[in-house]
Structure formats: C-alpha cells, structure tokens
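Some notes on the structure that comes next.
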Amino acid sequence: MKKKYRDLIQDLTDEQLIRSLYFTQIFLILCSFFLGIFLFDNYSAFFMLFRWNDPNILLVGGTAGLAVFFLDLILMRILPDKYYDDGGLNSRLFQGKSILQVAFIAAIVSISEEILFRGIIQTHLGLVISSLIFAFVHYRYLFNWFLFINVIGLSFLIGYIYLQTENILVTIFMHFLIDFLLGCVIKNKAKKHTE
C-alpha cells in the first residue's frame with residue numbers, strides 16, 4: 001500500500017498536487033461551515049472561539065509552535081530518514097516554492113484544519129475524538145508508524161492547548177508556525193538535493 005501511495009504522489013504534477021491540497025482545505029472549510037450551522041446555536045457562539053486581543057496567541061501558540069518545531073528538527077537530525085518518510089508529499093509540496101508561497105500554504109492548512117478539528121469537532125465532541133479524527137485525516141502518515149504517533153501526539157497537544165486557552169487563534173498560530181517553519185526546512189532540503 002505504501003508503494004502505491006508513493007507512486008500516486010510521483011505521478012501527480014506539481015500543479016495537480018497543489019490543486020489537490022487547496023481542494024482538500026476548501027472541503028474542510030465547507031465541512032466546518034455546514035457542521036457549524038447545526039452544532040452552534042448562533043453565529044456569535046462560533047465567533048466567540050476567536051479572541052483577537054489574547055496575549056496567549058503569541059505567548060502560548062508561539063512558544064508551543066517553536067518548541068514542536070525545534071523538537072522535530074532535533075529528531076530529524078538523530079533519527080534515520082525513514083522515520084520522516086511521508087511518501088515524498090511534503091518534499092514535493094514545498095520544493096521550488098517561495099517563502100511567501102510556503103506561508104500561504106501553511107496559513108490555509110492551519111486555518112482550515114484548526115477551525116474544523118478544534119473549533120467544531122473538539123468543541124462539540126471532545127479532545128480525544130477530535131485528535132483521533134485529525135490523525136486519521138492525515139492519511140499519508142498511516143503508512144509510517146513514527147509519523148502516525150507523531151501526528152497523534154501533536155494533535156493531542158494542540159487540542160490540550162485549545163482546551164486550556166479556549167481560543168482558536170492560539171492553535172491556528174501554533175499550527176501555522178509549525179507548518180511554515182518545517183515547510184521552509186523541507187523547501188531548503190529539497191533545494192540542496194537538486195543542486
């Protein structure tokens with residue numbers, strides 16, 4: 001199954017890959033919208049999840065995001081490459097992109113995923129269910145036990161931070177920071193391999 005997945009990734013053009021990513025994120029936003037209509041009493045109940053003047057956005061979200069990023073960097077250096085093998089998707093996704101494009105991808109992913117998994121699912125079904133669904137939605141990690149455990153642990157951490165801060169902007173910023181910084185690392189690593 002892992003080989004078929006890797007072959008599928010390799011068969012996609014860069015344009016198809018990025019289009020697929022955007023399509024998936026739009027789908028998650030639409031799911032959030034329709035689930036939100038049924039699960040929240042009104043729009044203001046949903047918008048209360050966003051507290052813009054909260055210092056925890058930078059303090060907690062930023063600190064946790066940087067901690068996860070640096071832990072990942074350390075693990076990438078000491079563990080064999082196969083532990084971080086996702087079938088080549090992340091490398092293909094970020095290679096050849098500008099810093100602005102990496103930031104845009106990270107923003108789209110962090111906003112859509114956090115609104116659905118923390119703002120909608122966790123708010124109504126709890127931390128465990130939202131974290132497990134989050135992990136299983138990251139399908140490509142199911143083929144690598146280390147990445148799967150990694151994404152489950154990360155999901156529980158982000159969910160716990162959301163539980164403590166009650167502010168979706170904290171987890172959006174944390175998720176963005178992790179994806180953006182790791183995207184830059186992957187982009188630079190891919191650039192070195194092509195030189």
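Using our numbering, the letters of the sequence shown correspond one by one to residues 1 to 195. Note that beta-carbon positions come from the ideal geometry of N, C-alpha and C, so glycine has one too. These numbers were taken from a predicted model, which means no experiment stands behind them.
Nonlocal neighbours in the same chain, by C-beta distance under 8 Å from residue i, ignoring five residues either side
i, result
"Val102", "Phe94, Phe180, Gly183, Cys184 and Lys187"
Residues of its chain near residue i, where Cβ-Cβ distance is below 6 Å and the 5 sequence neighbours each way are ignored
i, result
"Arg77", "none"
"Asp41", "none"
"Met1", "Any reading at Met1 needs caution, since the residue's pLDDT is 46, under 50, leaving its predicted position unreliable; the model's value is listed next. Cβ within range, chain order: n/a, list empty."
Exposure of residue i, with buried meaning 16 or more beta-carbon neighbours within 10 Å
i, result
"Arg92", "buried"
"Arg212", "What the structure shows of the chain is the stretch from 1 to 195, and residue 212 is not part of that stretch, so it cannot be assessed."
"Thr13", "exposed"
"Ala67", "exposed"
"Ile99", "exposed"
"Asp81", "exposed"
"Gly87", "buried"
"Asn167", "buried"
Under 7 Å between C-beta atoms of residue i and residue j
i, j, result
"Ser32", "Ile149", "no"
"Val171", "Tyr160", "In the sequence as displayed, the identity of residue 171 is Thr instead of Val. No."
"Phe50", "Leu177", "no"
"Phe46", "Gly36", "yes"
"Leu147", "Tyr139", "no"
"Ser155", "Ala135", "yes"
"Gln16", "Ile108", "no"
"Thr165", "Asn56", "yes"
Rounded distance between the beta-carbons of residue j and residue i, thought under 8 Å
i, j, result
"Leu28", "Glu113", "6 Å"
"Arg118", "Ile158", "7 Å"
Close-in-space but distant-in-sequence residues of the same chain around residue i (CB under 7 Å, 5 per side omitted)
i, result
"Ile199", "It is not possible to answer for residue 199, since the shown part of the chain is limited to 1 through 195."
At what residue ranges does the stretch 28-92 contain a whole run of the alpha helix (DSSP H), taking only runs of 4 or more?
43-47 and 63-78
Ignoring anything shorter than 4 residues, give me the alpha helix (DSSP H) runs that lie fully in the stretch 87-153, in order along the chain.
Entirely contained in the stretch 87-153, the alpha helix (DSSP H) runs reaching 4 residues are, in chain order, 89-94, 99-114 and 127-137.
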